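Peer 1: Let me give you the structure first, and then I'll get to my questions.
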Amino acid sequence: LHIIRQFTPDGEILRTIGTPGVPGEDKTHLNKPTDMAITPDGQVFVSDGYGNNRIVHFDANDNYVKEWGGLGIGRNEFSLPHAIDIDSKGRLYVADRNNARVQIYSQQGKLVDSWQNVVVPWGFWVKHGSDGADDEIWVCGCSPMPWLEHPDYPGAPLSCPPKDQLIMKFGTNGRMQQLWTIPKGTDGEEQPGDVNWLHCLALDSDGNVYLGDIIGKRAQKFVLRQRK
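Numbering-wise, my numbering comes out as the position in the sequence shown, counting from 1, plus 3.
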């Protein structure tokens, strides 16, 4: 807890950022980080989400470089930055979950775009384009909704439980290209193809989609099929 680690395919630890079991908000500690993005030259950007509501930048040698954020609704503030990814041009996409927006930054921390009130973003997958094609920005989450405390989940943050389960594909210009609505399962009674609190997604080289949900406690693969 409170760390990020890099492993070899055999499970050997290569690097650790943060102090195991010790939360903090300084240059050497994290507090319940949610995700990270790594540049081709080894720079690391961490969404230090649940505790600190900030993005932290470390160099390839794990040295602290800078940070931005803090709890709030301003341009450079966050309310639970839940995921982060990087596109082929080096721009950072931050899932500012409880503010129901996707924030796009330069690696210097300058806000370059904001997609607001389209989706409550939980996870990202950026598929880099080839041969001049635009990148695909895949987002999983739910529709924007007002915060109402649910009796089954006291103290849960915004959109918990989510009212629906969505996957969206965007271009880098913020235009939505695809929308999938996936059946939301009932707690403890999820059927194949249902998802329940969709938490993350990934795509393989064939375009198949992998989804992980935390209440359903499972990962599922959805196969890409071309329309006839």
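All residues carry an ideal CB built from backbone N, CA and C; glycine is no exception. From a predicted model like this one, the values you see are computed outputs, not experimental measurements.
Going by beta-carbon coordinates alone, are Ala86 and Asp38 separated by less than 9 Å?
Peer 2: yes
Peer 1: Please return the same chain residues whose Cβ sits closer than 8 Å to the Cβ of Gly210, not counting the five positions on each side in sequence.
Peer 2: Leu227
Peer 1: Among all the DSSP beta bridges, which residues are the ones paired with Ile6?
Peer 2: Answer by DSSP bridge pairing: none, since Ile6 is not bridged.
Peer 1: With which residues is Gly144 paired in a DSSP beta bridge?
Peer 2: Among the bridge pairs identified by DSSP, Gly144 is matched with Pro124, Leu169.
Peer 1: Would you mind sorting Gly52 into buried or exposed? The rule is 16 or more other CB atoms within 10 Å of its CB.
Peer 2: Looking at its Cβ environment, which holds 16 or more other Cβ atoms inside 10 Å, Gly52 is buried.
Peer 1: Identify which residue in Gly188, Lys92, Gly174, Leu182 has its Cα closest to the Cα of Tyr108.
Peer 2: Lys92
Peer 1: Starting from Gly72, trace the beta strand (DSSP E) in both directions and tell me its first and last residue.
Peer 2: 67-72
Peer 1: For Ile41 and Phe48, I'd like the C-alpha separation in whole angstroms.
Peer 2: 6 Å
Peer 1: Using the rule of at least 16 other Cβ atoms within 10 Å of the residue's Cβ for burial, across every protein chain shown, is Trp128 buried or exposed?
Peer 2: buried
Peer 1: If I measure Cβ to Cβ from Val59 and keep anything under 6 Å in the same chain, skipping five residues before and after, which residues do I get?
Peer 2: Val49, Asp51, Glu70
Peer 1: Smallest Cα separation from Val105: which of Gly77, Gly132, Asp29?
Peer 2: Gly77
Peer 1: Should Phe10 be labelled buried (16 or more other beta-carbon atoms within 10 Å of its own) or exposed?
Peer 2: exposed
Peer 1: Would you kindly work out how many angstroms separate the C-alpha atoms of Gln110 and Pro23, rounded to a whole number?
Peer 2: As the crow flies, the alpha-carbon of Gln110 is around 27 Å from that of Pro23.
Peer 1: Check Gly215 in the structure and name its three-state DSSP category.
Peer 2: strand
Peer 1: Is there at least one Cβ from chain D nearer than 9 Å to Val198's Cβ?
Peer 2: Annotation note: the requested chain D is absent from the structure, which comprises a single protein chain.
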